[in-house]
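Below is one structure, written out as C-alpha cells; comments come after it.
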Amino acid sequence: MHASTKSLTIGEARGLNSTLRSLLPDFNFPLSQERSFPLEIGKWICPFMFVKEGTPTEQVEITMFYELKLEQRWEKIFTCERGEDESNTVTLNVAVPTELVKISSMDTLRERDEANGVMWFETTGEMGLQIRVGLSLVIIERMMWEQERVGWVGGDEKQVTVERMKKYKRSGSWKKFGCYVLVEQYVLKRSNGSIVLTYDFN
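Numbering of the sequence shown is given in numbering that gives the first Met the number 0, commencing with residue 0 and proceeding in unit increments.
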C-alpha cells in the first residue's frame, strides 16, 4: 500500500493517523442509535494489481487505483428494557463475529488461494448473480497485523462470546440498557467512489 501519489485524483492518502485512532469515536449519542458516526483514522492508495474483480481488461477500464479507508465506529450488540417486575441486574451473553466482510452490503464466503496469493470473497447479488472479489494476501495480512497490534484477537475462532453482568445499586434505577463494541472497518473504493467491499474487525 502506498501512502500518497501526485497522479491520483481520488484524494490525498496520508496512511494511518495513530493519534486520532487512540481517541476513539464520540460515544455521546442516544441509545436508540444502532451505531455511532464513523471516524476516519486512515487512508491508503492501492494499485489495481492488489485487487481482483472481473477480467484484467475490464478492471483497468474501471479503475487503476483503489482507495482504502480505515474507519472506527461503535456498534450495538445488545439492548434490553426493564420490565416493572425485573431486578436491578442485567445479564449479557452475546456471540460477536471477529471479522465480517460484505460486498454490496451482503455477507460473503471466503476462499484462500495460496498459489496466487489472493483471498477470494464471494456473494450472491441481484437475480442470483455471483459476485467475486479477490484481495491480495499482502493486503489481508497487513490489515490483520494492524488490528492485532491494538488488541484484536483472530485465529481460528470466527466469533467470540461477550459475557457481562451489570448490577445497579437500586431497583428501578434503570429503564434501558445497551452494549456497544468498537468496530474498525476497512472500506475499499474504486476511483469513482463506488464501494468494492467492506471488511470489519470487531
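The beta carbon of each residue, even a glycine, is placed where N, CA and C say it ideally should be. Small disclaimer: the values here were computed from a predicted structure and weren't measured.
- Fewer than three Cβ pairs drawn from the stretch 108-120 and the stretch 147-167 lie within less than 8 angstroms of each other, which leaves the two stretches out of contact.
- In the structure shown, the three-state DSSP call for THR18 is helix.
- Secondary structure in the stretch 87-174: the alpha helix (DSSP H) runs of 4 residues or longer, each lying completely within the stretch, are 136-147 in chain order.
- Inter-residue distance for THR197 and PHE77 is about 22 angstroms (C-alpha atoms, whole angstroms).
- In this chain, the alpha helix (DSSP H) harbouring GLU57 covers 55-61.
- Cβ contact annotation for THR88 (same chain, cutoff 8 angstroms, sequence separation greater than five): MET164, LYS165, LYS166 and TYR167, in chain order.
- Between TRP119 and the set ILE138, GLU156, GLU80 and TYR179, the nearest pair of CA atoms involves ILE138.
- Look at PHE49 here: in three-state DSSP terms it is helix.
- A direct Cα-to-Cα measurement between MET142 and MET63 gives close to 21 angstroms.
- The C-beta distance from GLU183 to LEU69 rounds to 6 angstroms, short enough to meet the 8 angstroms contact threshold.
- Distances from the CA of CYS178 to each of ARG148, GLU98 and LEU30 were compared; the closest alpha carbon is that of LEU30.
- Here GLY177 carries a strand assignment [DSSP, helix/strand/coil].
- Taking C-beta atoms as the reference points, VAL50 and GLY116 fail to come closer than 8 angstroms.
- In the three-state reduction of the DSSP assignment, GLN32 falls in the coil class.
- As the crow flies, the alpha-carbon of TRP173 is around 54 angstroms from that of MET48.
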